[in-house]
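In what follows, a single structure is set out as structure tokens and then discussed.
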Amino acid sequence: MALESQDEKAPLRARKRGGSLGPIAQALQAALGGDLSARVAQGKLSGEAAEIGALLNQLLERLGRRIAEDERRKQVSTGEIEQAIEGLGALVREGDLSRWSNGTQDSQLGPLLEGFGKVIETLRTFVREINGAALRLSSSANEVLAASTQHEASSTEQAAAIHETTATMEELKHASAQIAENAGSVARVAEETLGAARSGRGAIGEFIQAMQQIRNDGVAVADSITKLSKRVERIGTVVEVIDEIADRSDLLALNAALEGSRAGEAGKGFSIVAAEMRRLAENVLDSTKEIKNLITEIREATAAAAGAAEASKLATQSGEKLGAVAAQAVEGILAGVQETSDAARVINLATQQQRTATEQVVASMGEIEDVTRQTTHASKQATGAATELTQLASRLAELIRRFKAD
Amino acid sequence: MEILLFEVGGSRYGADAAQVLRVDQLPSGIRSSAGLGPTRAGDRALVFQTSNGATNELQVDLVHGVRTIPVAQLRQLPPGLSPQGFAIGVWLDGNAPVLLVDLPQMVKQIGGQ
């Protein structure tokens, strides 16, 4: 502290050299030299000089105490400023807010530190809240990541399942189309079978009528054969008569020839006539023999024909019975085929509806697959975002952990 | 010469037509013909007169008729070839031999046995 200027020191040096106020001048000289512990020696003074010396000593005493006080205050302030700077440095370097102190003995430094303290306290609050939020955010981000990962996995599984289901439905669609086509074929075949069965029923009816006609014709043939047999028998009888007549004629001709031979020349003409008669009779006998052979053959043929007619009759009767049985069987077949045809038509209709429904399901599954694919893609994006969010949350937590609030 | 030609058992025979009175029809079922062997299916009988004036019958299978044959074509059998004596000669109808028999002699021979 500069007590006086250099110009003011000059008179004091002059009076010192004068001698009576020397102690005072020396004390002032020492004080001006910075030694505030210097005092005026009272023993060498008297009167007003002694009073001035005492007053000067009191002044120096007060001034020393004041300077010491100021120095002490200065040191305290310096320490507090260093502490504040250290606290700010720790805040800046380490994020440590806990080392900040508002305490100060300096009334001028107090508001500044108090302002810093409020800022630091606000930062502490922020750090606490951000730390808590970062922890919650990290936890939530982990949960979101886990949920997103699970959702992604579920979406992937769902997409795979839907894809598999779509493939299965596609196969089912083809199978349905094949079934519908087969059902259509079955319906057509059943319809054709129905037509064939109806034709068969008609054919069997015609067959039965034909059998009845054959039986009637067979009866007529049998009657004709009986009549033919009777007529052949009659012819045989007539031929027997003719044969007998021819035989007698032959006998007569022989005897006539004998008579002619006995008559000699007169009987020659008679013998010639007799020989001609014999020849005719023999011709007749040969003819009747042939006729008998023919009659025998005719008898055998008519017998065979009668047997055949009887066999035909039995066969036609059997045929009629078989036809009736076949007709009954065909009626049963017809009923069964009718039911089969109806069932085939119903199946055909149902399979067509099934095919249409399956195609609609396949189309819907395709749309679902597209949506699922988009969902999976979105899930992957969400998972990526959640991963990034988790990393950011971790980073934030890591960063915020650098700040020590308490 | 007038020869009555007939057949017995598949063999052809001839006899003098003058010896035969007539030809008759036999009832069916008779199958015998004296010295010429059994007949097959004939129903004729030659009626002739024996040396004692009686009539007799010879069953034959077939009577072919009366033929006029020149005597020169008739051949007499050598002695000894007809042990029974009623075969008196042979006539060749082409290549087929026809044995000529004496009907009354045949009855006589058979009756004498």
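From first to last, the protein sequence lines stand for chains H and W. Sequential numbering from 1 applies to the first sequence in my numbering. Sequential numbering from 407 applies to the second sequence in my numbering. Heads up, the beta-carbon is just placed ideally off N, CA and C, and yes, glycines get one too. Since we're looking at a predicted model, the values are computed, not measured.
- For the options Arg-428/W, Val-507/W, Val-469/W and Ser-457/W, the alpha carbon positioned closest to that of Thr-445/W is the one of Val-469/W.
- With a cutoff of 8 Å on beta-carbon distance, Val-426/W and Phe-454/W are scored as near each other.
- Ala-30/H is a Cβ neighbour of Ala-38/H, given a cutoff of 8 Å.
- By the Cβ neighbour-count rule, Asp-70/H is exposed, with fewer than 16 other Cβ atoms within 10 Å of its own.
- Residues of the region 262 to 296 of chain H with a C-beta atom less than 7 Å from some C-beta of chain W are Arg-262, Ser-271, Ala-275 and Arg-278, listed in chain order.
- For Gly-495/W, the enclosing beta strand (DSSP E) covers residues 493 to 499.
- Look at the beta carbons and you see the region 124 to 136 of chain H touching the region 378 to 398 of chain H: at least three pairs across the two are nearer than 8 Å.
- Contact residues of the region 467 to 489 of chain W toward chain H are Val-469, Gly-471 and Val-472 (C-beta to C-beta distance below 7 Å).
- Note on Lys-118/H: under 16 other CB atoms within 10 angstroms of its CB, so exposed under the neighbour-count rule.
- Interface with chain W (8 Å Cβ-Cβ cutoff): Asn-216/H is excluded.
- Asn-462/W carries a strand assignment under DSSP once its states are collapsed to helix, strand and coil.
- In terms of CA proximity to Leu-88/H, Ile-120/H leads the group Ser-107/H, Thr-78/H, Ser-229/H and Ile-120/H.
- Residue pairing by DSSP places Glu-408/W opposite Thr-474/W in a beta bridge.
- Under the Cβ distance rule, Ala-246/H does not count among the residues neighbouring chain W, no pair being separated by less than 8 Å.
- Chain H places a beta carbon closer than 8 Å to that of Leu-410/W, counting this residue as a contact.
- The beta carbon of Gly-236/H is closer than 6 Å to those of Ile-295 in its chain, skipping five residues each way along the sequence.
- Within chain H, the residues whose beta carbon sits less than 8 Å from that of Val-429/W are Leu-251, Leu-254, Asn-255 and Leu-258, listed in sequence order.
- In this structure, Glu-181/H and Val-362/H do not form a Cβ contact; the two beta carbons are roughly 17 Å apart against a cut-off of 8 Å.
- Taking a Cβ-Cβ threshold of 7 Å, the residues of chain H close to Val-426/W are Leu-258, in chain order.
- Nearest CB-CB separation between Ala-451/W and chain H: not below the 8 Å threshold.
- Distance from Ala-274/H to Ala-256/H at the Cβ level is roughly 4 Å; contact confirmed, criterion being Cβ atoms closer than 8 Å.
- At a cut-off of 8 Å between beta-carbon atoms, Ala-423/W makes contact with chain H.
- Between Thr-166/H and Thr-376/H, the beta carbon gap of about 14 Å keeps them out of contact (Cβ cut-off 8 Å).
- In this structure, Val-127/H lies near Leu-97/H, with their beta-carbon atoms less than 8 Å apart.
- Shown here, Ala-38/H sits in coil according to DSSP, grouped into three states, outside any helix or strand.
- In the structure shown, the three-state DSSP call for Gly-384/H is helix.
- According to DSSP, residue pairing for Gln-455/W in a beta bridge involves Thr-461/W.
- In the displayed model, Ala-263/H falls within coil according to three-state DSSP, outside both helix and strand.
- The region 207 to 218 of chain H and the region 309 to 316 of chain H touch, with three or more beta-carbon pairs separated by less than 8 Å.
- Taking 8 Å as the cut-off, the Cβ atoms of Glu-408/W and Ser-261/H count as close.
- The C-alpha of Ile-162/H lies about 15 Å from the C-alpha of Glu-359/H.
- Ala-405/H is a Cβ neighbour of Arg-124/H, given a cutoff of 8 Å.
- Between the region 221 to 239 of chain H and the region 290 to 307 of chain H there are three or more C-beta pairs closer than 8 Å, enough to call the two in contact.
- Taking 8 Å as the cut-off, the Cβ atoms of Val-414/W and Gly-459/W do not count as close.
- Of the residues assessed, Ala-187/H falls on the buried side of the cut-off, its CB having 16 or more other CB atoms within 10 angstroms.
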